[in-house]
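Structure first, then comments.
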Amino acid sequence: MTMSEIKLSEIIGGGYDDFWSCERRYRVLKGGKGSKKSATTALNFIYRLMKYEGSNLLVVRQVMNTHRDSTFAQLKWAQERLNVSHLWKNTVSPMEMVYTPTGQKIIFRGFDDVLKLASTTVPTGYLNFVWIEEAFEISLEADFDKLDLSMPRGNVKPPLFKQTTLTFNPWSGTHWLKKRFFDTKNPETATFSTNYLINEFLDDTDRAVFERMKKNNRRKYEVAGLGNWGISDGLVYENWTIGKKEIPKQEEYKWKSFFGLDYGYTNDPTGFLAFWANPIDKELYIYREFCKRRMLNCDIAEEIKRLGFAKERIRADCAEPKSNDDLRRLGISRITPSVKGRDSILNGINAINEYKITVNPDCVNMIRELSSYVYDDNSTENGKRMPKDSDNHLCDALRYAFEDVKRFHPKPEDGDEPYYRPDITESDFNGGWDI
14 MTMSEIKLSE IIGGGYDDFW SCERRYRVLK GGKGSKKSAT TALNFIYRLM KYEGSNLLVV
74 RQVMNTHRDS TFAQLKWAQE RLNVSHLWKN TVSPMEMVYT PTGQKIIFRG FDDVLKLAST
134 TVPTGYLNFV WIEEAFEISL EADFDKLDLS MPRGNVKPPL FKQTTLTFNP WSGTHWLKKR
194 FFDTKNPETA TFSTNYLINE FLDDTDRAVF ERMKKNNRRK YEVAGLGNWG ISDGLVYENW
254 TIGKKEIPKQ EEYKWKSFFG LDYGYTNDPT GFLAFWANPI DKELYIYREF CKRRMLNCDI
314 AEEIKRLGFA KERIRADCAE PKSNDDLRRL GISRITPSVK GRDSILNGIN AINEYKITVN
374 PDCVNMIREL SSYVYDDNST ENGKRMPKDS DNHLCDALRY AFEDVKRFHP KPEDGDEPYY
434 RPDITESDFN GGWDI
């Protein structure tokens, strides 16, 4: 069976007719999880490239190495779903897809390699289509503008057309995407919103996930379920932004790296976090993470080693002493259990809330957690509202590691007055400045 013999409506389903046929300069799609937005977009681009000879596609994400398990896999699935895999050659080094009858290409790039992104070219036809997947990860509108000025390329003639497609989960209503594309009407822009309710391919177990989310975490359901813009009401942490931070050399003495680890396995992911903290100016920069399910302790150890943090002090959940001992045996020698006690959760949150937080855009899981970590109106402790205990694994890792921030005594520059912490004793520093 060829693609021409397949009924597209049976493959795509309903809810995407206008999105599928849209030819405006910007096609912007926000949606919840399970809304088929990525699958439909992948199907659309495979169909388009085969329909429009001379067209090519650039697929962009914030981080290049996230393509393999997301957009690359989706587009490969789309080829198989349309029964045209035999017409495509897919390679991961370099990562590209070639439509063999004509040589048209799908090229993959990341915003973490701007020079390579700006110099992207194709050997035949026009680079007239751009797909930015998980566009919420693009923290700076200026980064999008740089791409937009150079892509798509070419003075194309009908039936070809130039278009940039953006797909994402709308975790925060303060993101530049909302103001630029949804709040301002523009004849060049078409916006779409979808959710799992229009996905006829979900089964009862899939829908049950969203029903539980609706009951247990209404804020997450609004975004991940219904595809609505996230709101800030009730957030545990509000003083945070997405961006990259450079630490001036003359201020390096104020900063130190800290590390936290929260264990998970089947239902909950294991969350690891690395961040810089500056207790003098009350600033915090989260720069590295991993957050994965079904990680054995040996997997956790290998990932920490791969990131180069094996010799660092890492605060881990004290509820799992066996796992902490296991990691020490596996070479993560400075694993230290967190300290839990009366009001430890709220005290840790209050301490973190004194800081201005910047999150590197590569830390997508941390961004999602901060966007949905809220207080629970039905849970109190000593008369105080407690945060909802779900989807907070990196937030817990942050709180564990913050115990060490409280003990950090920044070394002053020569000639400066020492920055004293009278509540911390010399023994807290193991005989030196570094904890």
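For the sequence shown, the numbering used here assigns the number 14 to the initial residue and increments by one for each residue that follows.
No residue lacks a Cβ here, since even glycine has one placed at the ideal position from N, Cα and C.
Please read all numbers here as calculations on a predicted model, not as lab measurements.
As assigned by DSSP and simplified to three states, the class of residue i
i	result
W33	helix
G268	According to the sequence displayed, residue 268 carries Trp and not Gly. Three-state result, W268: coil.
S440	Confidence is the limiting factor: at S440 the pLDDT is only 37, short of 50, which leaves the residue's position unreliable and the question unanswerable from this model.
G26	coil
Q176	strand
W5	A query on residue 5 cannot be resolved here, the shown segment of the chain reaching from 14 to 448 and no further.
N378	helix
K20	coil
K102	strand
I260	coil
E3	Since the displayed the chain opens at 14 and closes at 448, residue 3 lies outside it and no answer follows.
V418	helix
I59	helix
P431	Per-residue confidence for P431 stands at a pLDDT of 42, beneath the threshold of 50, marking its modelled position as unreliable; the derived number appears in the next sentence. Looking at P431 - three-state DSSP - the assignment turns out to be coil, as it is neither helix nor strand.
M164	coil
S185	coil
K50	helix
W446	Its pLDDT being 29, under 50, W446 is placed unreliably in this model, and the value from its coordinates should be taken loosely. W446 falls in the coil class under three-state DSSP.
K170	coil
T279	coil
D196	coil
E213	coil
L95	coil
I365	helix
E154	helix
H406	helix
V76	coil
D82	coil
L383	helix
L411	helix
N229	helix
M14	Only weak support is given to the placement of M14: the predicted model assigns it a pLDDT of 44, under 50, and the value that follows is read from those uncertain coordinates. If DSSP states are grouped into helix, strand and coil, M14 belongs with coil.
Supposed contact pair residue j and residue i - C-beta distance, whole angstroms, cut 8 Å
i	j	result
D275	H80	Wrong, their Cβ atoms sit about 27 Å apart, outside the cutoff.
G116	T137	5 Å
W242	P165	About 27 Å separates the two Cβ atoms, so there is no contact after all.
V72	T84	5 Å
F285	E302	6 Å
T207	L70	With a Cβ gap of about 21 Å, T207 and L70 do not count as contacting.
F121	E109	7 Å
R347	K318	Going by Cβ atoms, the distance from R347 to K318 rounds to 13 Å, so no, they are not a contact pair.
F149	F194	That pair is no contact at about 12 Å.
W101	A55	Not confirmed; about 12 Å, so no contact.
Y250	Y386	7 Å
P334	P423	Their Cβ separation, rounded to whole angstroms, is 32 Å, which puts P334 and P423 out of contact at 8 Å.
Residue i - partner residues in DSSP beta bridges
i	result
V372	I255 and I299
A287	F272 and R301
V2	Because the chain is modelled from 14 through 448, residue 2 falls outside the range shown and cannot be assessed.
I119	L70 and M110
E224	According to DSSP, which records beta bridges pairwise, E224 is partnered with nothing at all.
M399	D389
Y250	Its beta-bridge partners do not exist; DSSP assigns none.
V143	L71 and T177
Top-ranked residue by Cα proximity to residue i, from the options
i	options	result
V169	R220, E147, G67 and V73	G67
L248	R232, N241, H422 and E93	R232
G256	S51, K64, I365 and D156	D156
T349	Y413, L62 and L239	Y413
R328	I345, E316 and D312	I345
C35	L70, K192 and K175	K175
Y368	P334, K401, Y298 and E315	Y298
T254	R220, L383 and Q87	L383
L359	T371, R381 and Y388	Y388
C304	K295, N280, E325 and N291	N280
L215	A410, D126 and K49	K49
R38	Q75, L173 and E93	L173
R74	D375, R381 and V418	D375
K212	S403, I362, S351 and G26	Inspection of the sequence shows that residue 212 is occupied by Asn rather than by Lys. Nearest of S403, I362, S351 and G26 to N212, Cα basis: G26.
D330	G277, V135, R94 and H188	G277
P114	D409, R381, Y65 and A332	Y65
R420	F271, K198, S336 and D312	F271
D339	L309, S351 and Y112	L309
D312	L21, A131 and L343	L343
F288	I365, R307 and K227	I365
Any chain D beta carbon closer than 8 Å to residue i
i	result
L248	Looking for chain D here will not work: only one protein chain is present.
Worksheet item: Counting only runs that start and end within the region 291-363, where is the beta strand (DSSP E) found for 3 or more residues in a row?
Response: Whole beta strand (DSSP E) segments, 3+ residues: 296-305, 327-329 and 348-350.
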